[in-house]
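Reading through the structure tokens given below for one structure.
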Amino acid sequence: MNPDYPDPTDPDYSYTDGGLSLVHLGHLMVLGATWLLVLVSAVLGTLVVWSGKHPASYERYFAAPLRRGRWWLWAHGSWSRLAKSCGLSDSEQVARKDSDGKHTTTMVWTHPKLLRVQTSDQCLYLTVRTRTGQTVEHLEKAVPAIRDAAGAHSARSVVVAPGTVRMELVMREHLAAVDHAPTPNQMATTSVRLGRCENGRPWTLRIAGRHTLTVGCSGAGKGSVFWGIAAGFGPAVKAGLVHLVGIDLKYGIEVSVGSGLFTNVATTENDAVKTLAALEKLMDSRGAKMAGNTRQHTATASQPLVVLLIDELAGVTAYMSDPALRKEAAASLSRILTKGRALGIVVAAFLQDPRKEVLPQRGLFTQTIALRLRSRDEVTMVLGEGLIDAAPAHRISPDTPGTGYVVAEDGSAIRVRADYWTDAQIRATAGQFQPPVRRTA
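FYI, in this note's numbering the residues of the sequence shown are 514 to 954.
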């Protein structure tokens, strides 16, 4: 045998026949897997460093788009199965002939049509049209089941067209952290920003033209809503377009921190009755001037919006020590609640106990905010019938003050959380936005 040529029977001899050997192929696979592992490790390491050093840009450019994409794919991929499981689909037996001419029976399913899927940083939106023989009420009843299947924190729905419902699923908890209120910098004469909604949008509450009742047990965060309204009007107060009037029969403890924002503050029962009577007199004067000229008040320096803020309303309506004063105060308040809205005189009141015997005028308030409440019955008293499941204010954690429920203009309940106002911030805001004219009760 020629020593210059290897022996083909030698086990160490690899016969390639000019092609790729299995040994080479194995080496390539190991090399490819190694490089893939290095690449994946580099990407993961980059993401870890990115998320640690620049969390805002990481969330905006990577985490949030990835999360929204996952929600979008889940909605499209799961809709047929989800509709079946939630009882929204219908089935029928269809007789057909197969390729051999034999009669067969097939089960055919009809689902509500998923028209559109949208996502935001916090929410997944499903626009669904009913199938034939179905109503929007069927879709609305299935929303809680869809919410739980999606793992959403909460959900609500609104009819957007005949036979079409838009479902909003809140996929990320947005209200767990406490947000400190920003210093107001915009002139507002109708609405104020109080905090944020669970869907990530700002919580803006209209005050002009409405009487607002905020109910919550002790420690529920009523002070955050109180100062959100009072301080939120700060620039307009300084311009003379909004006058704040306060009644605080708990020794003025709440109002005193930011009393510089108020045109008038009453801290005794006698002063409270005088203040209500003065507002009645102003109401009658405005009514005489507006009659025949306009039906809606517009805030001006000569005719400002007057917001009466009452801390612990029960002190005015039920717990005044003098029965005669209590009767007089209740009568004045009822007249203001009945006639004041269109005249630019509105009430924002705060209360712990919503029972009718404590607040006979409960039905005269045009919008209510339910912070943490004690029972299901109180939810019904504050928000109305049928909203216990949609707005379970009695289940709000004591560790999340300022959290509550409001009823949106479309009739659905939405969870909100008011921004927190520190005493120092209230004092600074009051000093910055003092009204041009101020008097005591």
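Beta carbons: idealized from backbone N, C-alpha and C, even for Gly. Quick caveat: nothing in here was measured; it's all calculated off a predicted structure.
query	result
Can you give, in chain order, each stretch of the beta strand (DSSP E) that sits fully within the segment 629–690 and has at least 3 residues?	636–642, 667–674, 677–683
Around the Cβ of residue 699, are there at least 16 other Cβ atoms within 10 angstroms (buried) or fewer (exposed)?	exposed
Please check the pair residue 621 and residue 630, which I expect to be a contact at CB under 8 Å, by giving their CB distance rounded to whole angstroms.	Between residue 630 and residue 621 the Cβ distance is about 24 Å, and since that is not below 8 Å, they are no contact.
Which whole-angstrom value is the C-beta distance of residue 932 and residue 741, which I expect to be below 8 Å?	6 Å
Determine the direct distance from the alpha carbon of residue 743 to that of residue 770, and round the result to whole angstroms.	12 Å
To the nearest angstrom, how far is the alpha carbon of residue 683 from that of residue 585?	14 Å
Helix, strand or coil for residue 604? Go by DSSP, reduced to three states.	strand
Just the C-alpha distance for residue 590 and residue 582, rounded to the nearest angstrom, thanks.	12 Å
If you measure from the CB of residue 604, is any heavy atom of the ligand NAD nearer than 7 Å?	The ligand content of the structure shown is nil, which means the ligand NAD is not present either.
Which residue wins for smallest C-alpha separation from residue 664, given the options 636, 818, 671, 783?	636
Could you give the DSSP three-state label for residue 801: helix, strand or coil?	helix
Could you say which of 673, 651, 689 lies nearest to residue 666 if we only look at CA atoms?	689
Considering residue 946, what are the terminal residues of the beta strand (DSSP E) in which it resides?	Taken as a continuous stretch (DSSP letters only), residue 946 belongs to no beta strand (DSSP E), as it is neither H nor E.
Taking 8 Å as the cut-off, decide whether the C-beta atoms of residue 774 and residue 818 are in contact.	no
Run through DSSP, which three-state label would residue 626 get?	strand
Quick check on the DSSP output: what are the complete beta strand (DSSP E) runs of length 3 or more inside the segment 702–731, in order along the chain?	704–710, 715–719, 725–728
Beta-carbon separation of residue 845 and residue 790 under 8 Å?	yes
Classify residue 711: buried if its beta carbon has 16 or more other beta carbons within 10 angstroms, exposed otherwise.	buried
Report the partner residues of residue 824 according to the DSSP bridge assignment.	761
Give a yes or no on contact between the segment 591–604 and the segment 542–558, applying the rule of three or more CB pairs nearer than 8 Å.	no
Alpha carbon to alpha carbon, how far is residue 876 from residue 713?	31 Å
Taking the beta strand (DSSP E) that residue 864 belongs to, which residues open and close that run?	858–864
What three-state label does DSSP hand residue 886 in the structure shown?	coil
Going by DSSP, which residues form a beta bridge with residue 810?	Residue 810 is not bridged to any residue.
Is residue 579 near residue 659, with beta carbons less than 8 Å apart?	no
Where does the unbroken alpha helix (DSSP H) through residue 988 begin, and where does it stop?	Since the first and last residues shown for the chain are 514 and 954, residue 988 lies out of range.
Does the count of Cβ pairs from the segment 723–730 and the segment 799–809 closer than 8 Å reach three?	no
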